[in-house]
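*Asks:* Have a look at this one before I ask anything.
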Amino acid sequence: MSEIVVTLPDGSELSVEEGATVADVAYEIGPGLGKDTVAGVVDGELVDKADPVHDGAQVVIVTDQSDEYLRVLRHTAAHVFAQALQRLHPEAKLAIGPPTDEGFYYDVTDVDLDADDLEAIEDEMREILEADLPVERELRSREEALELYEDNPYKRDILEDEAAGDEELSFYVQGDFEDLCKGPHVESTGEIGAVKLLNISSAYWRGDEDNETLTRVYGTAFESEKDLQDHMELRAEAEERDHRKLGKEMDLFSIPEVTGPGLPLYHPNGKKILSELSGFAESLNVDAGYEPVETPHLFRTELWKQSGHYDNYVDDMFLLDVNDEEYGLKPMNCPGHATIFDQHSWSYRDLPVRYFEDGKVYRKEQRGELSGLSRVWSFTIDDGHLFCRPEQIEAEIRQVMDSIYEVLDTFGLEAHVALATRPEKSVGSDEIWEQSETQLRAVLDNQNVDYDLEPGDGAFYGPKIDFAFEDALGRKWDGPTVQVDFNMPERFDLTYTGEDNEEHRPVMIHRALYGSYERFFMVLIEHFDGKFPLWLAPEQVRVLPISDDQLGYAHRVKNELGDFRVSVEDRSWTLGRKIREAQDDNVPYMLVVGEDEAEAGTISVRDRQEREEQDVAVEAFREHLDAEYGEKRLEPDFLAD
RNA sequence: GCCGGUGUAGCUCAGCUGGCAGAGCGAUUCCUUCGUAAGGAAUAGGCCGAGGGUUCAAAUCCCUCCACCGGCUCCA
């Protein structure tokens, strides 16, 4: 019997007999581990403990202590759902039911389900958990499987596609239920402590809109009721800080039906925040050598044909007929900026030339994709385009990355970095794509940035580095982006004169620090839970007179605070009520002024973290505000000890 | 676009099997002038998302449309 060698997570190597399974490897490490083994991860793929390992494999043993255990458990929960469904609705046909990051889903068909059905199914699932049915793996022949799934086109699809080569097919059986499944699963349904069905939606078979629609039921499962409850509380918390809810409560923005879908209106409170954001971006851009420009919202389609948008992006564009000529609302700002560049002749000494604009763009997204500020029809990009010589690319990209990291730092945000490469639908030669992808990779590698590779996710005109923020729900959202573009200069025939007195083609780089203001605003609302730092807060200070007698003094205090966004609470409420309202409005600082303060010319300061201090000199507080605002501190800290 | 859900006062929502449209918060007015998270009273406020149909009668039942919410990537 020959031996093979596998690598364990600590880097050590282990020899086992050829044909050994994951479980065999675990027993080889130690009998205790062998007994506890639930599944394995071989070369990054979660597999059943009965699956064989191959020579040179990276093997991780999964026990009920592993992170992957929950995934295995949820996969079994998906089977429990299917079992319960088939007990109550024998006519239902099963398609696929994998685990997800949050739980699991199962796609089914030939059955109509509503919320009441889910409850009944959930009850049935609990019975199955209580019955503690053993989950057993069985191997069947291809003929057997085909016969079993005679009436199920989806399972047959799987047999002919994913499992095409296999003659032995694995089934998992629990009680009266069996399912074609690669696994792995937990050993018995009793290991699942809690299940919950969350919602019903639909999905296309294999995610392809040309295929038929399946009913998808989402659920989640945990080891214990407590874990489930914690999870549900987290969901509720995330819902509480939903930007759509806070946006309404704080009067930041609205998307009324009458203005059309995905076309947000910014109210004065929201605009104050946007203006601060815009000012910050402008200062970073000006420091980095960018010059502000401005372009209209509408261009002749000639321009979009020249840029390539008309060929590649027309389905997402709003087109208009004006006096028998076709115009298009701009979906991107780059053609306008390229055209500005093209109005001069340039020397190599002039480069890089850097333009930026808060440019409003319009993209006709599918209606079902629109959602709050995260997906809209009209949005504003803090869009910069720079034109440089090829040898300047790396330095320019590094400078852009520095600005992006300054932004992340300022807001206390985390981001995931991804390098997106050539998509199927693209313009430009293979050489050009390869050259630009190599340049981006070089910058990332030289700066030791952790990044994911996203093949095929680039723009049609070039590869890009994308930053994704993580929001309160753990969803990832597009944020800053840096894109190299060798195509646009070609299409616009942009040139500069080199040292050799010959014409050369500049390289164009697209970049945004925030991404879009809309989406960045959304991320910030949820990130801060409406409690914006002083520099962003629409209302920075509210003066609360104890009685109406101090209204005059309250206004004098407001005037002494100069340009800060200060309001005076002039409603005849009790002090307790005034504080409650200010607290609910997330105002960073409340200044209480009563008879004592008016006489002494002082203020009593309270912040939204409920700290307070009396007998404060107005001048000292104003100086603090200047510093806190100037340094963009994340929390009000006048009262910090 | 597709599947499921929702649409009633400025906001949050109640209104079951058809029978005079409700509550809380907010707003307005009056009283109260208050020391660190809701003082009291009164008043106003509605094309029940839009259009069509069934019915003596529709917020409620049926059809069409619109908007919003969740989902439509994570491979048995």
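Residue numbers (our numbering): 1265 to 1905.
The beta-carbon is built from N, C-alpha and C at its ideal position, and this holds for glycine as well.
1) Quick one: Cα of D1551 to Cα of L1377, how far?
2) Terminal residues of the continuous beta strand (DSSP E) containing W1741?
3) What did DSSP end up calling G1632 once you bin it into helix, strand or coil?
4) Excluding five sequence neighbours on each side, which residues of the same chain lie with their C-beta closer than 6 Å to the C-beta of K1536?
5) Whole-angstrom Cβ separation of V1805 and L1825, contact assumed at under 8 Å?
6) Nearest to V1557 by CA position, among D1849, C1598, M1854, is which residue?
7) Which of the three DSSP states is assigned to R1335 in this structure?
8) In this structure, does DSSP put Y1725 in helix, strand or coil?
9) Distance, Cα to Cα, V1856 vs F1792?
10) Spell out a yes or no on whether the segment 1500 to 1514 and the segment 1600 to 1619 are touching, meaning 3 or more CB-CB pairs, one atom from each, closer than 8 Å.
11) Thinking G1726 and Q1747 are a contact (beta carbons under 8 Å), I'd like their distance in whole angstroms, please.
12) Leaving out five residues on either side along the sequence, give the residues of the same chain with a beta carbon under 8 Å from the beta carbon of E1540.
13) With DSSP as the reference, identify every bridge partner of P1363, one or two as the case may be.
14) Note down the Cα distance separating Y1577 from L1593, rounded to an integer number of angstroms.
15) Go through its chain and collect everything with a Cβ distance to S1279's Cβ below 6 Å, but skip five positions before and after it.
16) Hey, could you find the ends of the beta strand (DSSP E) E1876 is sitting in?
17) Look up T1702 in the DSSP assignment and say whether it is helix, strand or coil.
18) Assess contact between the segment 1340 to 1352 and the segment 1367 to 1375, defined as three or more Cβ pairs (one per stretch) separated by less than 8 Å. Is contact present?
19) Are R1302 and V1324 close, meaning C-beta to C-beta below 8 Å?
20) When we look at the beta-carbon of D1307 and count the other beta-carbons within 10 Å, is it buried (16 or more) or exposed?
21) Roughly how many angstroms separate the alpha carbons of E1701 and F1517, rounded to a whole number?
22) Below 8 Å between beta carbons: does that hold for A1458 and L1492?
23) Ordered along the chain, which non-local residues of its own chain (more than five positions away) have a Cβ less than 6 Å from that of V1664?
24) Based on the DSSP secondary-structure assignment, which residues constitute the bridge partners of D1871?
25) I need the boundaries of the beta strand (DSSP E) containing P1809, first residue and last residue.
26) What three-state label does DSSP hand T1565 in the structure shown?
27) With a CB to CB cut of under 7 Å and the five nearest residues on each side skipped, what residues in its chain are close to P1273?
28) Go through its chain and collect everything with a Cβ distance to D1834's Cβ below 7 Å, but skip five positions before and after it.
29) Looking at the strands, I want to know which residues DSSP matches up with N1463.
30) Decide if L1562 is buried, meaning its Cβ has at least 16 other Cβ atoms within 10 Å, or exposed.
31) With H, G and I counted as helix, E and B as strand and the rest as coil, what does DSSP make of E1263?
32) Can you have a look at T1861 and say buried or exposed, based on whether 16 or more other CB atoms are within 10 angstroms of its CB?
33) In its own chain, which residues sit with a C-beta less than 8 Å from the C-beta of A1706, not counting the 5 before and 5 after it?
34) Could you give the residue range of the beta strand (DSSP E) that holds H1680?
35) Counting beta carbon pairs with one atom in the segment 1343 to 1360 and one in the segment 1378 to 1393, are three or more of them shorter than 8 Å?
36) Would DSSP call Q1438 helix, strand or coil?
*Replies:* Per the coordinate set shown:
1) 59 Å
2) 1740 to 1749
3) helix
4) P1802
5) 6 Å
6) C1598
7) helix
8) coil
9) 25 Å
10) no
11) 5 Å
12) W1799, L1800
13) F1368
14) 12 Å
15) E1267, V1269
16) 1876 to 1881
17) helix
18) yes
19) Looking at the sequence provided, one finds Val at residue 1302 rather than Arg. Contact: no.
20) exposed
21) 39 Å
22) yes
23) V1746, R1775
24) Y1853
25) 1805 to 1809
26) helix
27) V1324
28) L1815
29) Y1482
30) exposed
31) Past the edges of the chain, shown from 1265 to 1905, lies residue 1263, and the structure says nothing about it.
32) A small fix is needed here, since residue 1861 is Glu in this sequence, not Thr. Classification of E1861: buried, given that the 10 Å Cβ count is 16 or more.
33) E1658
34) 1679 to 1684
35) yes
36) strand
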